[in-house]
Every structure is written in structure tokens, then in C-alpha cells.
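K.L.:
Sending over a structure as C-alpha cells; questions will come in a sec.
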Amino acid sequence: MSNKDSLQSPKGTRDFYPNSMRVQRHIFDVWRRSCEAFGFQEFEGPTFEHLELFTKKSGDEIVSQLYNFEDKGGRQLALRPELTPTLARLVNQLGSSAKFPLRWFAIPRLFRYERAQRGRLREFYQLNMDIVGTESLWAEAELMAAIVHMLVSFGLKENDFSIRVSSRRMLAEVLTGLGLDDLQRNKVYGALDKKAKVAPEVFDNMLREAGLQESSQQELSRFFNCQNFSELKQLASSTFFGAAFESSVAELEDLFNKVSALNCKQYVSLDLSIVRGLAYYTGVVFEVYDLGENMRAIAGGGRYDKLLENLGGKPVSGVGFGMGDVVLQDLLESKNCSGERKPSADFFIADLVNNTEAVAALAQRLRQKGHQVLFSLDGGKLKKQLSFADESGAKKLLFMGSDRAG
Ligand code: HAM
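Here this note's numbering is used: position 384 in the sequence shown is 1006, and no number is missing along the way.
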């Protein structure tokens, strides 16, 4: 690395000047208010964890993107690429004192060593909302309603975003019917998640490697060609997919009824191409898309029935999602919804008599009464002070003059 490079911010990271911080704070404020509207409580974990927490259950893709290191005590650690394993660890540690269902949220800073590009960075923030300790589909429906609540609160409209939903359980039933085991199914999920990003031959090859021969691939496309619930039900009644597949279709349809009851149906649609790259999902999966020209994922999540148990806890089911700040901010900016605000103090005190001590004392008195106040630290010409006052966005100007009549 040249000396010049070390003076730049590392690839995939951002510098937050005060104006960017104000935008970020607006995003976090809306996120927090929406979480609280749905009764979620905030939590946090450490920014680095034992490497094994992620290598155990998150899946190959995220593991290949880890920033990991050995500390001075020889421990293998990783900067967190996601929060869900940490959440599982925290809930497991609560043991029987956990009062299910928990509604928890967090806004962690995450780290992924991936190719930095538009919408994808190596360091970003991600709102996480999770409901742990219930199998009720109302949990999925509440999360979707919370997503709608926050995106609409930012000022976005129905045609700006869409929540696309599918079911890993439904897909798992199809793949089990085609003779695939756990490991092979996970490989298929990984391949399907990458389908849009790789050439068709590469994709076919990935499916073959996962154990799906030509004839099975055709069966699988019959599933993916279904456009709606009636076609899915027809498929369920006509083939070897069986009763378990039928019940997973019914489960997903039930979720759509619940979403309707929460008045959010217009934002949610069935999309069987949603698979999700992470390995731990077992039920409903969903992604939120920016419907602008980029069609990128703002958020993604799903139900994980086994994660807590696989990390040493009781068999407790959870469901949640992560919403990154990068794609969201791009979308908000493109719609003029990023809430860019000026800094705003209540008072700026201009010093007409070069008496900084008196100005400072007045500022302090006003602050003690709860006002936001600033002044020029080194006095100077009035013109300079007024331009500084303007920059500060102060709502009122006070002038400190002399009390002597003159
Ligand atoms: P994920 O799909 O890996 O899921 O990430 C969710 C969202 O985080 C993405 O849709 C995207 O907006 C944002 N995101 C991911 N990677 C990056 C990146 N490199 N740069 C900027 N934004 C990014 C998870 O992380 C799951 N743990 C979410 C979850 C919570 N599932 C259940 N609970």
C-alpha cells in the first residue's frame, strides 16, 4: 500500500461529515419511531464475535465475506457481518427467563468483505427487527406492516417499493420431493439466490452440482412458473409434491390474509424467485425492493425455526429482517425524501463590543434554561460573525452591545 492510499478512507467505507450525519440521524429516527410504534425494544451486541458463531450457521456466502482475525490471545474472531446469530446467542443466554414472544430491534454497524459497488459497501448500518418465540404468522405480518409504516413515514409511496414474499418451506418440500437432502437443498438455495447475477450455464451447472438432474430441473421450473395461489394449489393437487407442500402453500396464503387485515396488501406480492442466500431460513422469506430503475433489495428476512437450537439453545422459532441504510438512502434521495435538514441552534449571540466573556456567560445562562446557543469563539468582525451565524442555522440572533449610553 502506498503512503497516499493509507491517507484515503478504506475501500467500501464512508466518511460521515455533519451533513451526512444529519441524514443518517433522520433515517435512524424514523426507524426507531416505527419500531417503537410496533412495541419493539432496542438491544445491542458486540461488534466482533467468535468466528465460529458465523461459520456455524449463516451459510457459505456470508462466511466468504467475513473480516476475521486472530487476537493476541490466539482467539479466532470476526467483525460481525450480520446480527442474527448474535441475537440468537443473546436469547439463548436468557434461558427460561425470556418472556416470549420478544419483539427486539437494533441498528448495528456491520462489516462484509464484498465487492464494493453501488448499494453494497464493506461497512454499513442495518436495522434489524426480529420477533422470537412464536410460530404465529402474525409475526411475519407485523414485520411487513412495520416495513410499510417506516417506508411510508419516510415519504415513500406505494409504487416506490414492494415486499416480495415466498416460502423456504414450500421450496424445501419441492426439493425433498425431488430427492435432495439438507446439504443439497442449501446448495440449491445458494444457486437460486445468485441466479440473476450469473450466466444461465453457470446457474444450470450449480443446480447439477447440488444434485438436480435435467428432469428434476424441469419439475422445479413447473414450481417456479406458478404465478399465483390458484396455480400453486393446482400443482399441489396434481403431482407428487404431497400434503406437506399443500400445507405450506396454505400457510403462505394465510399470511396474505393477515397482511390484508393489517391494511398492507397493496405493498406485498407473491414472488417465488425470492429464496434468500442465508442458510438458516426455514419458512416464509421476503425481500423489499426499490421499484426505481435499480430494483435493488432494501431489506430481506424470513423465519428461522432452527437457528437458536443449532446455536445451543431450546427449539425456539424466530422471524426477522435486516434493512440496510445504503440502498434505502439512495432511494430516499432519488425521491427527495432523505429529510436533509440544516443544523439549527435557537440563538446565535453576536459580539458587538469584543467582550467574549460576557457573551459566553449569557450563552451559558440561556443553555441552562434549555436553549441551544452558540457564539463565535474569537469575536472578530461582525460580517464574519453573521456569516457564521447563518451557517449555524440559528433561529434568532442576539447582539451583545455595551450598556453605556454613547
Ligand atoms: P441480508 O440479506 O444479508 O440479511 O441483508 C439485509 C439487507 O442489508 C440487504 O437487503 C441490504 O439492504 C443490506 N445489506 C446487505 N449487505 C450489504 C452491504 N454489503 N452493503 C450495504 N447494505 C447491505 C441479513 O443480514 C439477515 N441477518 C437479516 C435478518 C434479520 N434475518 C432475520 N433477521
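A virtual CB, placed ideally from N, CA and C, is assigned to each residue, including glycine. Fair warning: this is a prediction, and the values are worked out from it, not measured in the lab.
Any heavy atom of the ligand HAM closer than 7 angstroms to the Cβ of alanine 818?
P.N.:
Along the sequence shown, one-based indexing puts residue 818 at 196. It does not: the Cβ of alanine 818 is nowhere closer than 7 angstroms to a heavy atom of the ligand HAM.
K.L.:
May I ask whether a heavy atom of the ligand HAM can be found less than 7 angstroms away from the beta carbon of isoleucine 920?
P.N.:
Reading the sequence shown from its first residue, position 298 is the one you call residue 920. Correct: isoleucine 920 has its Cβ closer than 7 angstroms to the ligand HAM.
K.L.:
Among Ala901, Leu988, Val948 and Ser998, which has the Cα closest to the Cα of arginine 636?
P.N.:
Along the sequence shown, one-based indexing puts residue 636 at 14. Selected option, being the one with the closest Cα: Val948.
K.L.:
Cα separation between glutamine 986 and histidine 993?
P.N.:
In the sequence shown, residue 986 corresponds to position 364, counting from 1. In the sequence shown, residue 993 corresponds to position 371, counting from 1. About 9 angstroms.
K.L.:
Methionine 751 and glycine 942: beta carbons closer than 8 angstroms?
P.N.:
Within the sequence shown, numbered from 1, the residue matching residue 751 stands at position 129. Within the sequence shown, numbered from 1, the residue matching residue 942 stands at position 320. Yes, they are a contact pair.
K.L.:
In this structure, how does DSSP classify glycine 1023 when only helix, strand and coil are distinguished?
P.N.:
Here residue 1023 refers to the residue found at position 401 of the sequence shown. Looking at glycine 1023 - three-state DSSP - the assignment turns out to be coil, as it is neither helix nor strand.
K.L.:
Nearest to alanine 747 by CA position, among Gly634, Phe1021, Glu962 and Ala1011, is which residue?
P.N.:
By 1-based counting over the sequence shown, the position of residue 747 is 125. The residue asked about is misnamed: residue 747 is tyrosine in this sequence, not alanine. Per the Cα distances, Gly634.
K.L.:
Helix, strand or coil for lysine 1018 per DSSP?
P.N.:
As a working mapping, residue 1018 is identified with position 396 in the sequence shown. DSSP places lysine 1018 in strand when its eight states are reduced to three.
K.L.:
Are there any heavy atoms of the ligand GDP lying less than 7 angstroms away from the beta-carbon of threonine 706, as far as the coordinates show?
P.N.:
This structure does not include the ligand GDP; its bound ligands are the ligand HAM.
K.L.:
Three-state secondary structure (DSSP) at methionine 917?
P.N.:
Translated into the one-based positions of the sequence shown, residue 917 becomes position 295. In this structure, methionine 917 counts as coil in the three-state DSSP scheme.
K.L.:
Judging by CA-CA distance, which residue of Asp912, Asp682 and Gly905 is the nearest neighbour of lysine 816?
P.N.:
The residue given as residue 816 occupies position 194 in the sequence shown. When each option's Cα is compared against that of lysine 816, the closest is Asp682.
K.L.:
Can you tell me which of the three DSSP states glycine 944 falls into?
P.N.:
Looking up residue 944 in the sequence shown gives position 322. It is a strand residue.
K.L.:
Starting from serine 784, trace the beta strand (DSSP E) in both directions and tell me its first and last residue.
P.N.:
Locating residue 784 in the sequence shown gives position 162, counting from the first residue. It spans 783–789 - the beta strand (DSSP E) in which serine 784 sits, taken as one unbroken run.
K.L.:
Look at alanine 919 and valine 910 and say whether their C-beta atoms are less than 8 angstroms apart.
P.N.:
Counted from its first residue, the sequence shown places residue 919 at position 297. Counted from its first residue, the sequence shown places residue 910 at position 288. In contact: alanine 919 and valine 910 (Cβ atoms closer than 8 angstroms).
K.L.:
If contacts are defined as beta-carbon pairs under 8 angstroms, then phenylalanine 997 and phenylalanine 1021 qualify, I think. What distance do you get, rounded to the angstrom?
P.N.:
Locating residue 997 in the sequence shown gives position 375, where the first residue counts as 1. Locating residue 1021 in the sequence shown gives position 399, where the first residue counts as 1. Phenylalanine 997 to phenylalanine 1021, Cβ: 11 angstroms. No contact.
K.L.:
Looking at the structure shown, is histidine 672 part of a helix, part of a strand, or coil, going by DSSP?
P.N.:
Position 50 of the sequence shown, counting from 1, holds the residue named residue 672. Of the three classes helix, strand and coil, the one that applies to histidine 672 here is strand, per DSSP.
K.L.:
Determine, using beta-carbon pairs with one atom in the segment 1002–1011 and one in the segment 972–991, whether at least three such pairs fall under 8 angstroms.
P.N.:
A contact exists between the segment 1002–1011 and the segment 972–991.
K.L.:
Please report the straight-line C-alpha distance between proline 965 and tyrosine 903, rounded to a whole angstrom.
P.N.:
The residue labelled residue 965 in the question sits at position 343 within the sequence shown. The residue labelled residue 903 in the question sits at position 281 within the sequence shown. Cα to Cα, proline 965 sits roughly 43 angstroms from tyrosine 903.
K.L.:
Quick one: give me the first and last residue of the beta strand (DSSP E) that glutamine 739 is part of.
P.N.:
On the sequence shown, position 117 is the one that residue 739 refers to. Unbroken run through glutamine 739: none, as it is neither H nor E.
K.L.:
Does DSSP put aspartate 693 in a helix, a strand or coil?
P.N.:
Taking the first residue of the sequence shown as 1, we reach residue 693 at position 71. Three-state result, aspartate 693: coil.
K.L.:
Distance, Cα to Cα, asparagine 916 vs glycine 899?
P.N.:
Indexing the sequence shown from 1 puts residue 916 at position 294. Indexing the sequence shown from 1 puts residue 899 at position 277. For asparagine 916 and glycine 899, the distance between alpha carbons rounds to 20 angstroms.
K.L.:
In chain order, what residues of the same chain lie with their CB nearer than 7 angstroms to the CB of lysine 626, ignoring the 5 residues before and after it?
P.N.:
Within the sequence shown, residue 626 is the residue found at index 4, counting from 1. Correct list: empty, nothing qualifies.
K.L.:
On the premise that arginine 725 lies in contact with glycine 799, defined as a C-beta separation below 8 angstroms, what is that separation, rounded to the nearest angstrom?
P.N.:
Here the question's residue 799 lines up with position 177 in the sequence shown. Here the question's residue 725 lines up with position 103 in the sequence shown. Contact flag wrong, Cβ pair sits at about 35 angstroms.
K.L.:
Let me know the secondary structure DSSP gives alanine 972 once reduced to three states.
P.N.:
Counting from 1 along the sequence shown, the entry for residue 972 is found at position 350. Correct three-state label for alanine 972: strand.
K.L.:
Using a threshold of 8 angstroms, state whether the C-beta atoms of threonine 978 and glycine 1001 are closer than that.
P.N.:
Taking the first residue of the sequence shown as 1, we reach residue 978 at position 356. Taking the first residue of the sequence shown as 1, we reach residue 1001 at position 379. A contact, by the Cβ cut-off of 8 angstroms.
K.L.:
Less than 7 angstroms between the CB of glutamine 748 and some heavy atom of the ligand HAM, yes or no?
P.N.:
One-based indexing of the sequence shown puts residue 748 at position 126. Correct: glutamine 748 has its Cβ closer than 7 angstroms to the ligand HAM.
K.L.:
With DSSP as the reference, please indicate the residues paired to glutamate 909 in a beta bridge.
P.N.:
The residue you call residue 909 lines up with position 287 of the sequence shown. Glutamate 909 pairs with Arg786 and Gly922.
K.L.:
Hey, out of Asn847, Arg963, Gly946 and Gly1015, whose CA is closest to arginine 740's CA?
P.N.:
Taking the first residue of the sequence shown as position 1, residue 740 is located at position 118. Closest option to arginine 740, Cα to Cα, is Gly946.
K.L.:
Strictly under 8 angstroms for the Cβ-Cβ distance: is glutamine 990 near chain D by that measure?
P.N.:
In the structure shown, chain D does not exist; there is a single protein chain.
K.L.:
Give me, in chain order, the residues of the same chain whose beta-carbon lies closer than 6 angstroms to that of phenylalanine 638; leave out the 5 immediate sequence neighbours on both sides.
P.N.:
Within the sequence shown, numbered from 1, the residue matching residue 638 stands at position 16. Contacts found: none.
K.L.:
For a test of your reading of the model: does the CB of glycine 696 fall under 7 angstroms from any non-hydrogen atom of the ligand HAM? Yes or no.
P.N.:
Taking the sequence shown and counting its residues from 1, one reaches residue 696 at position 74. Checking every heavy atom of the ligand HAM against the Cβ of glycine 696, none is found closer than 7 angstroms.
K.L.:
With distances taken from CA atoms, which of Lys1018, Glu674 and Pro730 is nearest glutamate 664?
P.N.:
Within the sequence shown, residue 664 is the residue found at index 42, counting from 1. Comparing Cα positions, the closest option is Pro730.
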